[in-house]
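The numbering of the sequence shown is the working numbering, which starts it at 267 and goes up by one. Backbone N, C-alpha and C fix where the C-beta goes; we use that ideal spot for every residue, glycine too.
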Amino acid sequence: MRPRHRAAGILAVLGAGTLLLSAAVPSGAPALFNTPAGFDSAKTPDGQPIVQTSTEPPPGAVAPKTAIQELRTMGSLQLDSSGTVRSITAAPGESLGTNGDAFVKRYAGAFGLTKSHSLVRSQAVGLPGGDQVVRYQQTAGGIPVLGGEVVLTTTSNGSVRGAITDTTPLAPSGGAAKLDPAAAQSKALTAATATYEIDPATVSASSALWLYSAPGKAQLRPTYWVKLAEHQHEIASVLVDAIDGSIKLVASEHQAAKKRAVCDAANVPANLNSRLAYVCNEYSALGGHAATRLEGEPVSSSAEVNMTYDRLGVAYDYFKNNFGRDSYDGRGEQIRATVRACHISCPFHNAFWEGYQFVFGQGWATDDVVAHEYTHAVTEHASSLYYWHQSGAINEALSDIFGEFIDLSTSGDGTDDTAKRWQMGEDLPADLPNRPAGAIRNLMDPHQHGDPAYYREYPYWSETYDNWDNGGVHTNSGPANRMAALIADGSAADGITGIGLSKSAQLWYRIMHMLSSGANYEQLVVTAKAACRQLINKGMTVADCDTVTKATTKIFPNYQPSEDNLCDDSPSSNLGQRPFSVLFSDDMEQGGAKWNRSDSYFWQFIPNTQIDYTYAAHGRGSLNGWTAPGTGQRGHGTSAELADWVNIPSGPGLTPWVSFNYSAIQNGVPNGNLGVEAFINNGSGWAPLSLEGMGNRMSSSTGYWYKRANLSAYAGQSVKVKFQVVSPSNTLVDWYLDDFTIFNCQYARPGAPQDAFAYLDGTDLKITWATYLYNADPRNPQNHHFEFTYSPAIPGAPETYRATPAQADDLRDRK
């Protein structure tokens, strides 16, 4: 697959919202999308198709339940809340199979695919030490799914070490696309014109049909991915719905961030949306200037050219010496840059990589900013992370992370201040607008510059608000940045022991290659853990991986890896599974018999005959409460409550909980006066139900979130739960509920450890797990035993293990 060329600014905007595009639009015949076999179609009242997903696995794949049983015996398994495998990693020195193609074929059903989906091998990239990352693209009916991938890590002989999956079980909308490619490209140009300054004289457009699930709607729609390019170098991406022509995304490809060519634009104002204004090579106008410096030539008369030349060399050497990577593409490509560039007016307060070269405003070629932009180029060729929404935020974070790794590893250059450790751009010009002098981000403390420190924390920019800054990529990079700083340096306050810069670099380089192109924060968490496990006995230890796990919980406190973990001590814990008993559940697949609604118009079970779209955490059904903007009663105060009382048993060791998945969409930025409130009634009237980590109001989210509340105060009683819409000014609120469960956790019984495996270290057998054993009874803290099975068999290995009292606090890494 040809790499996508992108450009992303190190700050959120390039100039004054400008981007050059063009109108050279090729024509083409209408694209057809046929509903693949395995999707059962029905019709809405207006004749539109409703497509339901088959649950039968692809040809040659075993049933998901069987697959998961097999995979559990092969390595450390991670499931999402729908029971889909999102990560599997072999124990150190072991493999999951000898052939990657055979592995993904056999276990495709466990990865969330049905008989109508396929996986097509698309790319293989080498890693230090001989491992490879092999990518498989998900398709349906021959059409690729945007962001749908299975990513394997294999050894040099092809044995499978691990897998990361980012797939969808959704069914595509059927029928013929109503737009032909030319019409889609025209709409893309029009949309980009409304967003950026455009001179359409020199830009061409190309398009391909993909399947895309836009934020906020769980529908897989045929969508044109239109790429806008100038002189064969991409400058923007636009997603156009192939059925109704709506614009789903307009994203700049300016990533504003050893063969070298560095040119000096000398602060002459120009339109930086046009490559002709800044292109630097042996044959360009700037390349012919006396101040230009090519590889091996004497120093330039321009101090900024020399500084940038040297710092690009530092970035090149870092990736070459640590990972064996020859230039940003791994194939020795020339490294081109232009300094002292100006966009319309001077100075230009930004820097960017645009797929061909780097561009820096005056004073912006600092050590960490140069390394930041260089890493954008590496990421493009490593994992091709989309530069929008969560994948774009992770893309930005990778550049910040390696920018700081390189900065902190070259302390002899006279630019570092230990008091400014983990600060991005601390040496930038002091006149930088709207920022403290110099630094623009702080990886260890994102709050210092107004960025979120953990996922979903305000001011996390929701992809459902709008596409500002490609969906908030520079703001939403904060959690990943903090995760990297915690892993490297640790935090006494958080009980985290740092692993240092050297190990961190190897970890994050592997993460970069293992991520799927459409990765989100949940996948980042899974991938980080898997990458560390793959490096055990290759520089990493089990204790190092404990550090990684602890750091992920700090930036993703509400991560709930599996419904099997309903009874973890907290939703952020990584403890093993404790038994639970379900007292009431509703997966929203059977309609509304279990709920009473005060208004059936503003509270609806979807999909239905009037609403044909699906938006669910799992399956197809959900309960939707909403308000309509306008005057009069428009949904404010309407509610849905349980139709029947639920008895909450009491007893020693029992702790009752209520949990559910919800998604909240509203107009504008997060507003504490809007949303949906949760209430509980034990016969004495309705009282607020405080959800773990928040109050009783749910105002906004980025997709579905998992929440729960402790019901211990209601043990021995019968209760009802109610959800009520709050929008006093009739501002839009669009709220969805799925997977509602009331259950008891039985803490009087032991549970299994998480991430447990055994391996031979020389002649010693080591049995390890991520966390200590559960106590049988908090009042009598005696640990139960574990039972072990081994595949392949390890002669003489113990079948059971029981901790001694001295080992009660930490039983990891026992021989």
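Could you check the C-alpha separation between Ser425 and Tyr622 for me, to the nearest Å?
For this step, residue 425 is matched to residue 159 along the sequence shown. For this step, residue 622 is matched to residue 356 along the sequence shown. In this structure, the alpha-carbon of Ser425 lies about 35 Å from that of Tyr622.
Should His713 go down as buried or exposed, given a rule of 16 or more other Cβ atoms within 10 Å for buried?
For this step, residue 713 is matched to residue 447 along the sequence shown. With fewer than 16 other Cβ atoms within 10 Å, it is exposed.
Can you check which of these residues, Ala502, Ala368, Thr893 and Trp630, is closest to Gly941 by C-alpha distance?
Your numbering for residue 941 matches position 675 in the sequence shown. When each option's Cα is compared against that of Gly941, the closest is Thr893.
Rounded to the nearest angstrom, how far is the Cβ of Thr380 from that of Pro438, given a contact under 8 Å?
Here residue 380 is taken as the residue at index 114 of the sequence shown, counted from 1. Here residue 438 is taken as the residue at index 172 of the sequence shown, counted from 1. Their Cβ separation, rounded to whole angstroms, is 12 Å, which puts Thr380 and Pro438 out of contact at 8 Å.
Figure out for me which residue from His884, Glu670 and Asn996 has the closest Cα to the Cα of Phe1006.
Mapped onto the sequence shown, residue 1006 falls at position 740. It is His884 whose Cα lies nearest to the Cα of Phe1006.
Could you name the residues of the same chain whose beta carbon sits closer than 8 Å to that of Leu955, not counting the 5 residues immediately before and after it, in chain order?
Stepping through the sequence shown from its first residue, residue 955 is reached at position 689. Closer than 8 Å at the Cβ level, and outside the excluded window around Leu955, lie Val924, Ala944, Phe945, Ile946, Asn962, Ala975 and Val987.
Starting from the Cα of Leu418, find the closest Cα among Gln656, Ala406, Tyr373 and Gly407 and give me that residue.
Working through the sequence shown from its first residue, we reach residue 418 at position 152. Residue Tyr373 is the option with its Cα nearest to Leu418.
Return helix, strand or coil for Ile872, following the three-state DSSP convention.
What you label residue 872 is simply residue 606 of the sequence shown in a count that begins at 1. Ile872 falls in the strand class under three-state DSSP.
Please return the same chain residues whose Cβ sits closer than 6 Å to the Cβ of Gly1062, not counting the five positions on each side in sequence.
The residue you call residue 1062 lines up with position 796 of the sequence shown. Hits under 6 Å: none found.
Write down the C-beta distance between Asn661 and Leu651 rounded to the nearest angstrom, noting that I regard them as a contact closer than 8 Å.
Taking the sequence shown and counting its residues from 1, one reaches residue 661 at position 395. Taking the sequence shown and counting its residues from 1, one reaches residue 651 at position 385. So it is a contact: roughly 4 Å between Cβ atoms.
In its own chain, which residues sit with a C-beta less than 6 Å from the C-beta of Tyr980, not counting the 5 before and 5 after it?
Within the sequence shown, numbered from 1, the residue matching residue 980 stands at position 714. Hits under 6 Å: Ile914 and Asn948.
Around the Cβ of Pro895, are there at least 16 other Cβ atoms within 10 angstroms (buried) or fewer (exposed)?
As a working mapping, residue 895 is identified with position 629 in the sequence shown. Exposed.
Alpha carbon to alpha carbon, how far is Thr818 from Gln344? Give it in angstroms, no decimals.
Reading the sequence shown from its first residue, position 78 is the one you call residue 344. Reading the sequence shown from its first residue, position 552 is the one you call residue 818. C-alpha separation (whole angstroms): 14 Å.
Under 6 Å Cβ to Cβ from Gln990, same chain only, skipping five residues before and after it: list those, please.
Walking along the sequence shown from the start, residue 990 turns up at place 724. Cβ within range, chain order: Ser905 and Glu943.
Express the C-alpha separation of Gly375 and Gly784 in angstroms, rounding to a whole number.
The residue labelled residue 784 in the question sits at position 518 within the sequence shown. The residue labelled residue 375 in the question sits at position 109 within the sequence shown. Gly784 and Gly375 have their C-alpha atoms spaced approximately 20 Å apart.
So who's on the other strand from Tyr721, going by DSSP bridges?
Within the sequence shown, the letter at position 455 stands for residue 721. When DSSP reads this structure, Tyr721 sits in no beta bridge, so it has no partner.
Give the DSSP-derived three-state secondary structure of Ala517 in the structure shown.
Position 251 of the sequence shown holds residue 517. Three-state result, Ala517: strand.
What span of residues does the alpha helix (DSSP H) with Gln789 cover, start to end?
For the purposes of this step, residue 789 is taken as residue 523 along the sequence shown, with counting starting at 1. Here the alpha helix (DSSP H) through Gln789 covers Tyr787 to Gln800.
From what residue to what residue does the alpha helix (DSSP H) around Glu570 run?
Here the question's residue 570 lines up with position 304 in the sequence shown. Start and end: Ala569 to Phe589.
Secondary structure at Ser768, three-state DSSP: helix, strand or coil?
Here residue 768 refers to the residue found at position 502 of the sequence shown. Three-state DSSP puts Ser768 in a helix.
Could you check what DSSP says for Gly304 in three-state terms: helix, strand or coil?
Taking the first residue of the sequence shown as position 1, residue 304 is located at position 38. Confidence at Gly304 is low in this model, with a pLDDT of 32, below 50, so the placement of that residue should be treated as unreliable; the coordinate-derived value is given next. The answer is coil: DSSP assigns Gly304 none of H, G, I, E or B.
Alpha carbon to alpha carbon, what distance is there between Glu360 and Thr815?
In the sequence shown, the residue the question calls residue 815 occupies position 549. In the sequence shown, the residue the question calls residue 360 occupies position 94. Distance from the CA atom of Thr815 to the CA atom of Glu360, rounded to whole angstroms, is 22 Å.
Under 8 Å by Cβ, that's how I've got Val399 and Val411 pegged, so tell me the actual separation to the nearest angstrom.
Locating residue 399 in the sequence shown gives position 133, where the first residue counts as 1. Locating residue 411 in the sequence shown gives position 145, where the first residue counts as 1. About 19 Å; that fails the 8 Å criterion.
Any idea what DSSP makes of Gly596, helix, strand or coil?
Translated into the one-based positions of the sequence shown, residue 596 becomes position 330. Note: Gly596 maps to coil in three-state DSSP.
Quick check: what's the CA-CA separation for Arg900 versus Tyr867?
For the purposes of this step, residue 900 is taken as residue 634 along the sequence shown, with counting starting at 1. For the purposes of this step, residue 867 is taken as residue 601 along the sequence shown, with counting starting at 1. Approximately 10 Å between the Cα atoms of the pair.
Classify Lys493: buried if its beta carbon has 16 or more other beta carbons within 10 angstroms, exposed otherwise.
Along the sequence shown, one-based indexing puts residue 493 at 227. Classification of Lys493: buried, given that the 10 Å Cβ count is 16 or more.
Could you check the C-alpha separation between Arg748 and Ala637 for me, to the nearest Å?
Residue mapping note: residue 748 aligns to position 482 of the sequence shown, counting from 1. Residue mapping note: residue 637 aligns to position 371 of the sequence shown, counting from 1. C-alpha separation (whole angstroms): 18 Å.
Please work out which residues of its chain come closer than 7 Å, Cβ to Cβ, to Met806, disregarding the five sequence neighbours upstream and downstream, and give them in chain order.
Position 540 of the sequence shown, counted from the first residue, corresponds to residue 806. Excluding sequence neighbours, Met806 sits near Lys769 and Cys798.
Using 10 angstroms around the beta-carbon of Thr355, count the other beta-carbons present and answer buried if the total reaches 16, otherwise exposed.
Looking up residue 355 in the sequence shown gives position 89. When all chains shown are included, Thr355 counts as buried.
Give the DSSP-derived three-state secondary structure of Cys529 in the structure shown.
Taking the first residue of the sequence shown as position 1, residue 529 is located at position 263. Three-state DSSP puts Cys529 in a strand.
Report, in whole angstroms, the separation of the C-beta atoms of Val506 and Lys453, which I expect to be a contact under 8 Å.
In the sequence shown, counting from the first residue as 1, residue 506 sits at position 240. In the sequence shown, counting from the first residue as 1, residue 453 sits at position 187. Indeed they touch by this definition, with Cβ atoms about 5 Å apart.
With H, G and I counted as helix, E and B as strand and the rest as coil, what does DSSP make of Ile877?
Mapped onto the sequence shown, residue 877 falls at position 611. In the structure shown, Ile877 sits in coil (DSSP, three-state: anything other than H, G, I, E or B).
If we count Cβ pairs, one from each stretch, closer than 8 Å, do we get three or more for the region 606-621 versus the region 536-543?
Cβ pair count under 8 Å is three or more, so yes.
Closest to Pro873 by CA distance: which of Gly737, Phe626, Ser864 and Arg886 is it?
Your numbering for residue 873 matches position 607 in the sequence shown. Comparing Cα positions, the closest option is Arg886.
Our contact map puts Asn1082 next to Val580 with C-beta atoms below 8 Å; I'd like the distance itself, whole angstroms only.
Because the chain here runs from 267 to 1081, residue 1082 falls outside it and cannot be looked at.
Go to Leu418, then tell me how far its beta strand (DSSP E) extends in each direction, as first and last residue.
Working through the sequence shown from its first residue, we reach residue 418 at position 152. Counting along the chain, the beta strand (DSSP E) containing Leu418 begins and ends at Ile409 to Thr420.
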